[in-house]
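*Asks:* Right, I'll just put the structure down here and ask away after.
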Amino acid sequence: QNGQGKTTLAKILIGQEPASAGNVTLGHNISVGYYAQNQAETLDPKLTLLETMEQNSPEEMRTKLRGILGSFLFSGNDVDKKVAALSGGERARLALACMLLRPFNFLLLDEPTNHLDMLSKDVLKQAMTAYD
Numbered sequence: 770q771n772g773q774g775k776t777t778l779a780k781i782l783i784g785q786e787p788a789s790a791g792n793v794t795l796g797h798n799i800s801v802g803y804y805a806q807n808q809a810e811t812l813d814p815k816l817t818l819l820e821t822m823e824q825n826s827p828e829e830m831r832t833k834l835r836g837i838l839g840s841f842l843f844s845g846n847d848v849d850k851k852v853a854a855l856s857g858g859e860r861a862r863l864a865l866a867c868m869l870l871r872p873f874n875f876l877l878l879d880e881p882t883n884h885l886d887m888l889s890k891d892v893l894k895q896a897m898t899a900y901d
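The number in the numbering used here is simply the position in the sequence shown, starting from 1, with 769 added.
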């Protein structure tokens, strides 16, 4: 339900907001990946999908980017589209793909299915299941 404090809790856990009481301490070697509700809005509209992925990926992942984009339902010439030309759902898928490029061991997703159609939701579910 809306207004229950889920986003506030997420922001407290990642240190964007202070806790109103108590302390938050993450475990040793925890690397947090946070997907905000508005994460797709942070993408640079001037870049292409592939440029966006390159900008967000570690060097060793560069050869796998087209395959990763394919697993998020982008194919062929889609990789050359500008982010500005993408729908809200496509931007959300791209933002999720970018986040999953990093070796986070704790993923915090704040309403990641906003703007996603059913097929995209299935892709997200598969990606989360396969995430190491």
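Using N, Cα and C, we set each Cβ at its ideal position, and we do this for glycine too.
1. I'd like the ranges of any alpha helix (DSSP H) spanning at least 4 consecutive residues and lying wholly in the region 809-847.
2. Of the choices 899, 845, 787 and 776, whose alpha-carbon is the least far from that of residue 805?
3. Distance, Cα to Cα, residue 821 vs residue 793?
4. The beta strand (DSSP E) spanning residue 802 covers which residue range?
5. The beta strand (DSSP E) that contains residue 870, what's its start and end?
6. Could you check which residue in 788, 827 and 844 has the C-alpha nearest to that of residue 869?
7. For the beta strand (DSSP E) that residue 878 lies in, which residues bound it at each end?
8. What residue does the alpha helix (DSSP H) around residue 889 start on, and which one ends it?
*Replies:* This is what the structure gives:
1. The qualifying runs are 818-825 and 834-840.
2. 776
3. 32 Å
4. 801-804
5. No beta strand (DSSP E) contains residue 870, which DSSP labels as neither H nor E.
6. Of 788, 827 and 844, the smallest CA-CA separation from residue 869 is found for 827.
7. 875-878
8. 887-899
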